[in-house]
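Inspection log for the structure reproduced underneath, given as structure tokens.
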Ligand code: SAH
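Residue numbers (the working numbering): 11 to 539.
As structure tokens, this is what we get:
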């Protein structure tokens, strides 16, 4: 057997500037393989959801060079120790690991210990924060060079060994990281070095995040403007004529949903995708799952499931109404050690939605029929099956949730099919801070609420009192599809927004459209209303 330590290694991964979607494909893959993740405060915590459930994630608490909770030495020792145990250690660092991140020191420690190590470069905040502020760091008309410098090499003083005097005029665009605390001294040094006091300058705080704030001022006035706007770390400072382009190129803050707080009530497993779609649209996703989905696990439930799964050959059709149904179908097959049984299934696979079909395919089941486009609900599926799939006399399995709707089973039965609609998973209530939710709604801190299932609607309404209910009607209310919209309407919270297909990206676009058209009226009306 190989020595355990032989397979251990350290991967320094750039987490990107803030928006978790700006990690690289390779960085995401490294996280998925990690046994241990040592992450900085500056790296988005959302990225940790990419790591596997068994990965040990440790916050090593570094926030730039300010107030580290662990010394650099400790972090290096921790990384080396785990890697020597044979673990794959991902060191997740804000931005790019080799841009002022002390990544090189961590790599040296690994090299000295004789470990394998790699670096996955990241999108540095030095370029991304200006880009998201509409400031290109070079431009044929204004700037042919840029320099990225630290304003904070030694926390106790402005870094005099950095030649501000020479830098001030040697490059067109100066980008200063970690410069907020010493900003007045830095600006003074740049002006002393010969840069005009009037040079357009900016500070970009929380760049690439929906919380992004930008202050623009002539160089000499930047420290006062920054103080007035109360900007703090993390922020980067940009000095140069390119800052003038922001007026025309500020795209991120101009997106319609920019800065709006939108509640995501979806189950934790799936909330990330909606949160990411909302973030890409400029919104601040506020993830508070109201329900979760867990496998049915009582003796009674498993007895039924096991009977079905051990006789899959009896079915002519298996109908999946959601990717969750697919997920829990495979969960129970795996539980029974029947993972490969799916490959020999003779039944036709019928799916509502292309995502459901993709999930089935990922498990080795290719769909015979996919209901894509249209309303994408159980009623349209029933119509399609009746019209084209000749259900009469067929034996149909529908793996579903404990509160699955009866539209499909009953509809198919009345069309002459023999249907087993079997609960494979359960909706459970998550722990939610009800008073906080009510306060946030009443105080107007929430601009929109998204729902992707009737069960989340019911839980949400149960958490409200009369004031919070009234406050919710002032928010944008979004439903993923007709069934959820119907539940909202019954709960006295009619949906303002519903996308034309039941997908989370479409939901985010529909919200964007709703806001950009400034329409108080719903873009979707329930049929017949
Ligand atoms: N390796 C990182 C930089 C680490 S030093 C990178 O490549 O981005 C930390 C400094 O980066 C902060 O003080 C700030 O100047 C800058 N920074 C990090 N995240 C930022 C963000 N989202 N917006 C603006 N500046 C940021």
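The C-beta atom is built at its ideal place from N, Cα and C for all residues, glycine as well.
None of the values given here were measured: they were computed from a predicted structure.
DSSP places residue 19 in the strand class (E or B) of the three-state scheme. Contact between the stretch 433 to 443 and the stretch 254 to 270 is absent: fewer than three C-beta pairs spanning the two stretches fall below 8 Å. Distances from the alpha-carbon of residue 225 to those of 145, 345, 42 and 180 put 145 closest. Straight across, the Cα-Cα distance linking residue 229 with residue 147 is about 16 Å. Between the stretch 489 to 504 and the stretch 334 to 352, the count of Cβ pairs shorter than 8 Å is below three; the stretches do not touch.
When beta bridges are read from the DSSP output, residue 327 appears opposite 358 and 406. Pairing residue 99 with residue 36 gives a Cβ-Cβ distance that is not under 8 Å. The beta carbon of residue 515 lies closer than 6 Å to those of 287 in the same chain, with the five residues before and after it left out. In this structure, residue 49 sits away from residue 94, with a CB-CB distance that is not shorter than 8 Å. Judged by DSSP in its simplified three-state form, residue 197 adopts helix.
Assignment of beta strand (DSSP E) within the stretch 415 to 487, counting only whole runs of 3 or more residues, yields 428 to 439 and 458 to 461 in chain order. Residues 178 and 179 of the same chain have their beta carbon placed closer than 7 Å to that of residue 204, with the five preceding and five following residues left out of the count. Counting only residues of its own chain and dropping the five nearest sequence neighbours on each side, residue 323 has a CB closer than 7 Å to the CB of 356.
Taking one beta carbon from each stretch, the stretch 283 to 302 and the stretch 456 to 463 have 3 or more pairs nearer than 8 Å; the two touch.
Here residue 280 is buried: its Cβ has 16 or more other Cβ atoms, across all protein chains shown, within 10 Å. A straight line joining the alpha-carbon of residue 248 with that of residue 289 spans about 25 Å. Scanning the stretch 209 to 291 from its first residue to its last, the whole beta strand (DSSP E) runs of 3-plus residues come out as 210 to 215, 223 to 228, 245 to 249 and 271 to 274.
Straight-line spacing of the CA atoms in residue 282 and residue 220 works out to 16 Å.
Taking 8 Å as the cut-off, the Cβ atoms of residue 263 and residue 365 do not count as close. With a beta-carbon spacing of about 6 Å, residue 305 and residue 435 fall inside the 8 Å limit used to define contacts. Note on geometry: alpha-carbon atoms of residue 202 and residue 174 lie some 9 Å from one another. Assignment of residue 336 by DSSP, reduced to helix, strand and coil, places it in the helix class. Judged by DSSP in its simplified three-state form, residue 320 adopts coil rather than helix or strand. When DSSP reads this structure, residue 101 sits in a beta bridge with 22 and 48.
Taking 8 Å as the cut-off, the Cβ atoms of residue 388 and residue 417 count as close. Remark: the C-beta of residue 246 is in contact range of the ligand SAH, defined as less than 7 Å to any heavy atom. Around the beta carbon of residue 346, fewer than 16 other beta carbons sit within 10 angstroms, so the residue counts as exposed. Here the alpha carbons of residue 337 and residue 368 stand approximately 11 Å from one another.
Taking 7 Å as the cut-off, the C-beta of residue 268 does not count as close to any heavy atom of the ligand SAH. By the 16-neighbour rule on beta-carbons within 10 angstroms, residue 438 is exposed. Comparing C-alpha distances from residue 450 to each of 467, 466 and 481 shows the shortest one belongs to 481. C-alpha of residue 38 to C-alpha of residue 58: approximately 10 Å in a straight line.
With a contact defined as Cβ atoms closer than 8 Å, residue 32 and residue 26 qualify at about 4 Å. The stretch 466 to 484 and the stretch 423 to 432 do not touch, with fewer than three beta-carbon pairs separated by less than 8 Å. In this structure the stretch 238 to 252 touches the stretch 127 to 142; the number of beta carbon pairs closer than 8 Å is three or more.
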